[in-house]
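Numbering-wise (our numbering), the sequence shown opens with residue 632 and increments by one. Note that the Cβ used here is the ideal one computed from N, Cα and C, for glycine as well. Keep in mind it's a predicted model, so treat the numbers as computed, not measured.
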Amino acid sequence: TPNELSSRETAATPEQVQDRKRLRSDPPPILVTNATMLEYMLLRPDDRSILEQSQGKLRWIVLDEAHTYLGSNAAEIGMLLRRVLLAFGVESTDVRFVATSATMGSAEAREELRGYLADLAGVPLDRVDFVTGRRVA
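Spelled out as structure tokens, the structure:
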């Protein structure tokens, strides 16, 4: 992401924040990022304004490819999520966690998966729902 775009470039896509200067001055309601960049945001002094302006506002965290969070990677993601909650000034009960995976187990593994996701997000088991889908031809 570039540090700054021209006003002409910014005007071309007003619904998107495409430069760091605007992201820091006026954080968007939805931020799509990855774990590495989220970690950087928590550590970089330049990004402090994003956290300050977003205190108490975090409502959703979506984890894509949840089946890849295994072993030490799962522990790292779980700890990152706890640091994110702290940095944004919210409790796990304030946030809805969504984990997606096209390959995450069967209905038989539902309870085990619910426990896994509860541990990963740091929420009680009764806050985890398991939704399955099926391909429509």
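Rounded straight-line distance, which links the Cα of residue j to that of residue i
| i | j | result |
| --- | --- | --- |
| Ala642 | Tyr747 | 44 angstroms |
| Val767 | Asp695 | 21 angstroms |
| Glu743 | Arg639 | 51 angstroms |
| Arg745 | Asp757 | 9 angstroms |
| Thr731 | Pro659 | 23 angstroms |
| Val726 | Ile661 | 14 angstroms |
| Arg679 | Gly702 | 30 angstroms |
Secondary structure of residue i, DSSP reduced to three states
| i | result |
| --- | --- |
| Val729 | strand |
| Ile661 | coil |
| Pro676 | helix |
| Lys652 | helix |
| Asp757 | helix |
Neighbourhood of residue i by C-beta, 7 angstroms cutoff - its chain only, sequence neighbours within 5 removed
| i | result |
| --- | --- |
| Glu670 | Leu711 |
| Arg714 | Leu673 |
| Leu636 | Gln649, Asp650 |
| Phe761 | Arg741, Leu744, Arg745 |
| Val791 | No answer is possible for residue 791: it lies beyond the span of the chain, which begins at 632 and ends at 768. |
| Gly753 | Gly709, Leu712, Arg713, Ser723 |
First and last residue of the uninterrupted beta strand (DSSP E) at residue i
| i | result |
| --- | --- |
| Leu694 | 691 to 694 |
Contacting residues, own chain, Cβ-Cβ under 8 angstroms from residue i (five flanking each side not counted)
| i | result |
| --- | --- |
| Leu682 | Met672, Leu673, Ala718, Phe719 |
| Ala749 | Pro755, Leu756, Arg758, Val759 |
Residue range of the unbroken alpha helix (DSSP H) whose run includes residue i
| i | result |
| --- | --- |
| Asn704 | 702 to 719 |
| Ala768 | Run containing Ala768: none; DSSP gives neither H nor E here. |
Closest by C-alpha distance to residue i, when choosing among the options
| i | options | result |
| --- | --- | --- |
| Trp691 | Ser680, Arg679, Ser656, Thr724 | Thr724 |
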